[in-house]
Structure formats: structure tokens, C-alpha cells
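Enquirer:
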Amino acid sequence: MNEMKALELNNIGHLDVNEARALPEMSETDVLVKVKAVGVCGSDYERVFNSGAHKMPIVLGHELSGVVEGTGQKVEKIQKGDRVVVVPLIPCHQCEWCHQGEFSICDDYDYIGSRRDGGMAEYVLVPQENILLLPKKVSYISGAMVEPAANAIHALWIGQMKASDSLCVTGAGPIGQMAIQYARVLGIKKIISVDIVPDKLELAKRMGATHIIDTTQEDFIEAIKEITEGRGVDLLLEASGAPSIQAVCPEIVAKLGRIVLLGFSHKDVSFPAHVYEMILRKQIKLMGSWNTYSENFPGEEWRYTLKLMERSELDVLPLISHMLSLEEAPAFFEAVKNKSIDYNKVMIINN
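Taken in order, the sequence shown gives residues 47 to 397; the numbers are from this note's numbering.
What follows is the structure, given as C-alpha cells:
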């Protein structure tokens with residue numbers, strides 16, 4: 047077996063199925079994974095339509111699960127037939143940040159699905175340290191959602207979320223929805239979801255939001271003041287990426303509150319003078335969240351997420367709107383480009 051079917055990004059806007067892409071050569075510490083499910087991330091759309099990748103042609107896809115097809119001679123504790131989740135970041139383990147266990151901000155990393163071939167193919171080659179076993183009770187589809195779910199808990203842990211907090215999540219996409227579920231599991235009593243899409247807000251209620259705010263229908267600053275009796279929320283997770291929301295976040299946060307910025311904005315963000323002053327006067331902590339990794343690579347974010355999935359406390363299946371084959375993917379991306387389709391989380395499945 048020297049060839050495989052793969053979805054290749056050959057240039058910006060050019061996504062094609064290659065029926066005979068060469069299989070990569072396995073080293074003695076590599077694991078060959080037969081891909082079962084791979085999620086389409088927002089960053090994948092950005093690479094296809096706007097930015098491209100570090101090298102092209104490339105196979106995208108960094109949210110994936112599968113079954114071990116083969117292993118290198120020095121691979122330990124992993125064997126053919128194991129059900130696995132793939133961890134996409136390949137840290138250098140040499141820089142000061144890696145030495146501190148802060149792998150998310152490694153200076154010299156590699157990355158499956160953006161810097162080397164990823165999971166939108168029949169097979170993917172993975173270093174053995176980038177493999178986690180998938181519990182029997184967890185489906186391959188759920189396994190492919192571990193990476194974005196770990197993004198959500200990583201951000202909440204950066205924000206030092208605790209059970210006594212009130213939480214607002216701006217943006218009800220997949221990561222926002224999973225953050226709501228984590229908060230519910232922790233026992234947070236007041237969870238506010240903010241978005242512009244009614245269906246996403248209704249889903250947020252199912253996931254555990256106690257309050258929903260449609261910003262096309264009401265002033266969300268005033269709504270949050272009413273919900274919190276004028277105090278503001280203790281923790282705000284900004285997952286929308288909307289500059290208009292990001293610029294006013296300090297207005298809805300309590301004194302000594304925390305804001306975690308997770309949503310990626312492609313436009314400039316600026317604070318009005320009175321909002322900037324609020325950051326100072328209320329002594330607000332403003333933090334960024336990047337990636338999913340921490341000490342004891344890949345980090346407790348990943349292991350905790352798998353535990354919750356195994357206990358059926360984290361339900362990701364309602365977030366998935368489309369399941370596609372590799373052959374169907376180019377037409378789907380074209381529909382997204384033409385804005386002729388509504389979608390939430392999209393999964394590419396290999397039967």
C-alpha cells in the first residue's frame with residue numbers, strides 16, 4: 047500500500063480530491079492512523095479561502111480520530127487496531143516555553159494539518175507522543191471533537207473558572223457551546239450565551255445556558271446588567287471573533303472580573319476611551335487563549351475532555367450539522383464560499 051485518497055489544498059481556493067497521493071514514509075517512532083473522522087475547523091476555511099497554508103499542496107485537518115494501521119519499530123504501548131485520537135501540535139521540547147510546560151506557545155512547533163499533512167485523507171502519519179487512546183464508549187465522531195473541546199476548557203482554565211462564577215460566552219459556535227457544557231458540569235449557576243443566530247441560542251439552552259441573548263433583538267449590555275442585577279459577570283469567554291463585541295466586553299464584566307479572548311478577529315479591534323477606562327477602574331484581567339496544551343503533554347485539557355465524554359457529560363453530536371465523504375467535501379467548501387449553505391460543525395467521515 048503506497049497510495050491513498052486525500053483532499054488536497056493545492057492553492058488558495060483550490061481544494062481537490064487526489065485518488066493516489068503517496069503515503070508518507072514512516073519513521074521508527076511514527077504511528078500510521080487510518081482516519082475515521084475529521085472535523086473542519088474555522089481555520090481550515092480560512093486557509094482554503096484566504097491565507098493558504100505554510101506549504102502547498104497540503105492535506106488539512108487537525109481534529110481527528112481513527113484506528114492504528116501500523117507502528118514504527120520503536121513505538122511502545124500503541125498497537126495495530128487501537129482506537130485513537132490524534133493530537134496535532136508537535137512541540138520542539140527545547141524552547142523556554144516547552145520547558146515550562148506551556149506547549150501552546152512553543153517557539154518552534156510543527157502542526158498536523160497546517161504545517162504537515164493532516165487528517166482529510168484515508169491515512170495520516172503521527173508521532174507516537176501525539177496519540178491518545180480513545181475509550182471504547184466514545185465514538186470516532188466524538189473523538190474528532192476532542193481537540194476543539196480542549197480549546198474550550200483551556201480557555202476557561204486560563205480564566206480560572208470556578209463554581210461560584212457567573213459566566214458569559216459570546217459566540218455560540220462549537221467551542222462556545224462546549225464551554226457552556228463544561229460550565230454546567232462544574233456547577234455554575236448563571237451561564238449566559240450571546241449570539242445573533244436564534245437556532246444556535248436554542249442549542250445553547252439545551253447545552254446548559256441559563257440565559258440567552260440575541261443581539262439582533264436586544265441590547266446585550268443592558269440585558270446582562272439586568273440578569274446580573276447591575277453587577278456584571280465574573281468571567282467572560284469571547285468566542286465570537288466579532289470586533290463590535292470584543293470592544294465592549296469590559297462593560298459587562300464585574301469588578302475584578304476576567305475576560306478571556308478566544309475568538310479570532312480578522313479586523314482591527316479598538317476600545318472606546320470610556321471602555322478602556324473601565325478596564326483600569328474595575329481592575330479587569332484581560333487574557334488571551336491559544337491552542338489546547340499544557341504541562342504533561344498534551345495536557346489535562348485532553349484527558350479531562352475524554353473522561354467527560356466517556357461519562358456522557360459532554361455531548362458534541364448535537365453540534366454537528368453535516369457529515370461528508372472526502373468526495374463531497376470540495377462541493378461543500380464551494381457552497382460555503384458562495385454562502386449558499388447554513389452549517390455548524392462539519393465532519394468528514396471515512397467509511
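Every residue, glycine too, gets a C-beta built ideally from N, C-alpha and C.
Where does serine 212 land, buried or exposed, given buried means 16+ other C-beta within 10 angstroms?
Expert: Counted from its first residue, the sequence shown places residue 212 at position 166. Result: buried.
Enquirer: Mind checking glycine 391: buried by the 16 CB within 10 Å criterion, or exposed?
Expert: As a first step, residue 391 is located in the sequence shown; it is residue number 345 there, counting from the start. This sequence places lysine at residue 391; glycine is not what is there. Flag for lysine 391 reads buried.
Enquirer: Judging by CA-CA distance, which residue of Leu232, Glu297, Cys141, Ala68 is the nearest neighbour of tryptophan 203?
Expert: Locating residue 203 in the sequence shown gives position 157, counting from the first residue. Checked all of Leu232, Glu297, Cys141, Ala68; the closest Cα to tryptophan 203 is Leu232.
Enquirer: Out of Val315, Asn48, Asp156, Phe378, point me to the one whose CA is closest to proline 400's CA.
Expert: Outside the displayed span of the chain (47 to 397) sits residue 400, for which this structure offers no information.
Enquirer: Let me check one thing: in DSSP terms, what residues is proline 173 bridge-paired to?
Expert: Counting from 1 along the sequence shown, the entry for residue 173 is found at position 127. For proline 173, which the question treats as bridged, DSSP gives the partners Asp76.
Enquirer: So what's serine 290 in DSSP terms, helix, strand or just coil?
Expert: Here residue 290 corresponds to residue number 244 of the sequence shown, with the count starting at 1. In the structure shown, serine 290 sits in a helix (DSSP, three-state: H, G or I).
Enquirer: Taking C-alpha atoms, which residue in Ile177, Asp128, Ser188, Gly85 lies nearest to glutamate 115?
Expert: Position 69 of the sequence shown, counted from the first residue, corresponds to residue 115. The option with the nearest alpha carbon to glutamate 115 is Asp128.
Enquirer: With a cut-off of 8 Å, do at least 3 Cβ pairs link the region 241–250 to the region 298–309?
Expert: With the cut-off at 8 Å, the region 241–250 and the region 298–309 do not touch.
Enquirer: Measure the alpha-carbon distance for arginine 93 versus glutamate 275 and round it to whole angstroms.
Expert: One-based indexing of the sequence shown puts residue 93 at position 47. One-based indexing of the sequence shown puts residue 275 at position 229. Cα to Cα, the separation comes out at about 43 Å.
Enquirer: Taking 8 Å as the cut-off, does the region 322–341 touch the region 294–308 (at least 3 CB pairs, one atom from each stretch)?
Expert: In short, these stretches touch, since the Cβ pair count reaches three.
Enquirer: I need the boundaries of the alpha helix (DSSP H) containing aspartate 241, first residue and last residue.
Expert: If you number the sequence shown from 1, residue 241 lands on position 195. Premise fails: aspartate 241 lies in the beta strand (DSSP E), 236–241, not in any alpha helix (DSSP H).
Enquirer: Quick check on the DSSP output: the alpha helix (DSSP H) that includes aspartate 211 runs from which residue to which?
Expert: As a first step, residue 211 is located in the sequence shown; it is residue number 165 there, counting from the start. No alpha helix (DSSP H) contains aspartate 211, which DSSP labels as neither H nor E.
Enquirer: Give me the DSSP bridge partner(s) of alanine 167.
Expert: The residue you call residue 167 lines up with position 121 of the sequence shown. DSSP output for alanine 167 lists Ala52 as bridge partner(s).
Enquirer: Tyrosine 155 and proline 137 - do their beta-carbons sit closer together than 7 Å?
Expert: By one-based count along the sequence shown, residue 137 stands at place 91. By one-based count along the sequence shown, residue 155 stands at place 109. Yes.
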